[in-house]
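Colleague: Below are the structure tokens for one structure; questions will follow.
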């Protein structure tokens, strides 16, 4: 027999004393239950036990049972989780089904092969109930379940093993169930549709009942024992069908034609130098206009009006006389006629008037007034931009928009100055936008199912188009869409025929959200439960 064969005899010389040594003694000393708890969860009829055994060795030859008024009942192996815990011990957690007596008093450990039995009184630990909630997600195509598990809260601290791993003392796994409509009663444990969830919170695909009800039922339970009852079931209401959009509006731009009028007023000692100087200026302006016109981004039509020569005396060019005149009306009529013949009467055009003189002498009062007053003879839609290529004195009182010095035509920088100045001016840009321009936030057909909308934030003050939503309220009430769909009007500082270097491209960014249905329900992600139609903030 093992009880006799396993004993060792030790004879002590001289005394004749015999001592018996049990070879299973060390194992028996480890097969001791150091912790025995019965967890009572409010509202959950399952039986939960947590045991800690001193050994880290094998337990496959060990039986566990509980003792109560009805006697001793063996615990099933398939209802437990077993694993290492700290201090070299082993932790066992049992989740048992219905039918176990509530008045359990002790837990018993038995190892028949070594004739060992250990008993520990069960300590009852009363825990609160589960807290469960569900929230509609993903445009009411799924729901999120949030569960507060009192057992997980009780064992919230993990234990650190010798190898640095952390272990959870009472592993918990759950299953969930969902169906369209309200929870008339919790689902049965044997109903189909129960599915494991990987973590908490969990997300399930869900179907909601048709509007206006738009409800779904969701239930949850531990996965042990199999086919156990639900611990909680909740009716989840679908949320407002809200979507956020971002719209960026860049008003269209128009580039006006490159139109210019050269007005020469030069004093040169020879006709050859006169012709060369005028040709250089004309070529510099013409070549710059041609280069800009060929640019894919800046391209525009070019119109070079016939030049006007003020300094012609007795038929000799580049001879200034004190009584030379511009005759503004005639020059203006020629300019307007040339523009209208080429572009029509309604095309917005800004003509560049380029006055070129090389003498640093004040202009006569008449000539100065005629140069300054030339734009006043143009119609309202035709504007002028005046450039003086001259020394300082001729430009005094001339109200030029821009001036740079006339230098020697032999200097390379002279032509470069003409080209760089024209490149800063041309082309003239106009922003095509008025305060009453309707800016659609989206294609009306694509968002035809929107019921209401509102702006979340904008970088310009905008006026949304629509009528107040019937049940709307709060600091940012939504609007019912107008016939043009979601959109707005915005007042922007006008920019008409502005030189290229001064034009400031404008954009308007609007973040907005639209509701497709159930607008009086809370929006997705709302924690306060305020209806979307009355909430002060966006998603």
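Numbering (our numbering), first residue to last: 8 to 546. The C-beta atom is built at its ideal place from N, Cα and C for all residues, glycine as well. Owing to the predicted nature of the structure, the values given are computational and were not obtained by experimental measurement.
Would you call the segment 216–232 in contact with the segment 146–163, where contact means no fewer than 3 C-beta pairs closer than 8 Å?
Modeller: Contact holds: three or more Cβ-Cβ distances are below 8 Å.
Colleague: Look at residue 240 and residue 528 and say whether their C-beta atoms are less than 9 Å apart.
Modeller: No; because the gap between Cβ atoms is not below 9 Å, this pair is not in contact.
Colleague: Look at the alpha carbon of residue 20 and the alpha carbon of residue 82, and state the distance between them as a whole number of angstroms.
Modeller: Below a pLDDT of 50, predicted positions are generally treated as unreliable, and residue 20, at 46, falls in that range; no measurement from the model is reported.
Colleague: To the nearest angstrom, how far is the alpha carbon of residue 163 from that of residue 121?
Modeller: Roughly 37 Å separates the two Cα atoms.
Colleague: For residue 538, I'd like the list of residues in its chain whose CB is within less than 8 Å of its CB, leaving aside the five on either flank, ordered along the chain.
Modeller: Only 247, 478, 526, 527, 528 and 529 meet the Cβ criterion.
Colleague: Taking the straight line between their C-alpha atoms, what separation do you get for residue 310 and residue 266?
Modeller: Taking the straight line joining both Cα atoms gives about 5 Å.
Colleague: I'd like the list of long-range same chain contacts for residue 257, defined as Cβ closer than 6 Å, with 5 residues on each side in sequence excluded.
Modeller: Excluding residues within five positions, the ones whose Cβ falls inside 6 Å are 514.
Colleague: If we count the other Cβ atoms within 10 Å of its Cβ and call it buried at 16 or more, is residue 368 buried or exposed?
Modeller: The residue in question, residue 368, is exposed, as its Cβ has fewer than 16 Cβ neighbours within 10 Å.
Colleague: Considering only the alpha carbon of each residue, which of 341, 231, 193 and 189 lies closest to residue 217?
Modeller: The residue with the shortest Cα to Cα distance from residue 217 is 189.
Colleague: In the DSSP assignment, what residue or residues form a beta bridge with residue 181?
Modeller: In the DSSP output, where bridge partners are listed per residue, residue 181 has 204 and 229.
Colleague: What does residue 260 pair with, by DSSP beta-bridge criteria?
Modeller: 438.
Colleague: Check whether the Cβ atoms of residue 54 and residue 65 sit closer than 9 Å, and answer yes or no.
Modeller: The answer is no: Cβ separation not under 9 Å.
Colleague: Can you tell me whether DSSP reads residue 4 as helix, strand or coil?
Modeller: With the chain represented from 8 up to 546, any question about residue 4 goes unanswered, as that position is not in the structure.
Colleague: Alpha carbon to alpha carbon, how far is residue 531 from residue 489? Give it in angstroms, no decimals.
Modeller: Going by the C-alpha atoms only, they are around 25 Å apart.
Colleague: By the 10 Å Cβ neighbour count, where 16 or more other Cβ atoms means buried, how is residue 329 classified, buried or exposed?
Modeller: It counts as exposed.
Colleague: Please confirm whether residue 62 and residue 34 have their CB atoms less than 9 Å apart.
Modeller: Their beta carbons are under 9 Å apart, which means residue 62 touches residue 34 by this criterion.
Colleague: Between the C-alpha atoms of residue 320 and residue 500, what's the straight-line distance to the nearest angstrom?
Modeller: Each residue's Cα considered, the two are about 48 Å apart.
Colleague: If you draw a straight line from the C-alpha of residue 26 to the C-alpha of residue 135, how long is it?
Modeller: Looking at the two C-alpha atoms, the distance is approximately 54 Å.
Colleague: Once DSSP output is grouped into helix, strand and coil, what is the label at residue 345?
Modeller: DSSP places residue 345 in helix when its eight states are reduced to three.
Colleague: Within a Cβ cutoff of 7 Å, which residues of the same chain sit near residue 70, ignoring the five residues on either side of it in sequence?
Modeller: Counting only Cβ-Cβ distances below 7 Å, and skipping sequence neighbours, we find 81 and 117.
Colleague: Report yes if the CB atom of residue 114 is closer than 9 Å to the CB atom of residue 56, and no otherwise.
Modeller: Their beta carbons are under 9 Å apart, which means residue 114 touches residue 56 by this criterion.
Colleague: Assign residue 280 to one of two classes, buried (16 or more other C-beta atoms within 10 Å of its C-beta) or exposed (fewer than that).
Modeller: So residue 280 ends up on the exposed side.
Colleague: Is residue 68 buried or exposed, if buried means 16 or more other CB atoms sit within 10 Å of its CB?
Modeller: Classification for residue 68: exposed.
Colleague: Compute the Euclidean distance between the alpha carbons of residue 540 and residue 210, then round it to the nearest angstrom.
Modeller: Approximately 26 Å between the Cα atoms of the pair.
Colleague: Quick one: Cα of residue 15 to Cα of residue 32, how far?
Modeller: Because residue 15 carries a pLDDT of 46, less than 50, the predicted location of this residue cannot be relied on, and the following value inherits that uncertainty. Between residue 15 and residue 32, the C-alpha separation is close to 12 Å.
Colleague: Three or more C-beta pairs under 8 Å: does that hold for the segment 440–460 against the segment 494–511?
Modeller: Verdict: yes, contact present.
Colleague: Quick check: residue 355 and residue 263, are their CB atoms within less than 9 Å of each other?
Modeller: Yes; because the gap between Cβ atoms is below 9 Å, this pair is in contact.
Colleague: Using 10 angstroms around the beta-carbon of residue 59, count the other beta-carbons present and answer buried if the total reaches 16, otherwise exposed.
Modeller: Residue 59 is buried by the Cβ-count criterion.
Colleague: Within 10 angstroms of the Cβ of residue 255, are there 16 or more other Cβ atoms? Answer buried if so, exposed if not.
Modeller: That one is exposed.
Colleague: For residue 287, does the three-state DSSP call read helix, strand or coil?
Modeller: Here residue 287 sits in helix by DSSP.
Colleague: Output needed for residue 308: all residues of its chain with C-beta closer than 6 Å, excluding positions within five of it in sequence on either side, in chain order.
Modeller: Once the five neighbours on either side are set aside, the close Cβ partners of residue 308 are 264.
Colleague: Determine the closest residue to residue 158 out of 167, 284 and 229, with distance taken between C-alpha atoms.
Modeller: Residue 158 has its Cα closest to that of 229, out of 167, 284 and 229.
Colleague: Start and end of the alpha helix (DSSP H) containing residue 128?
Modeller: Residue 128 -> not in any alpha helix (DSSP H); beta strand (DSSP E) instead, spanning 123–128.
Colleague: Touch check for the segment 409–421 and the segment 463–479: three-plus C-beta pairs under 8 Å?
Modeller: Too few Cβ pairs lie closer than 8 Å, so no.
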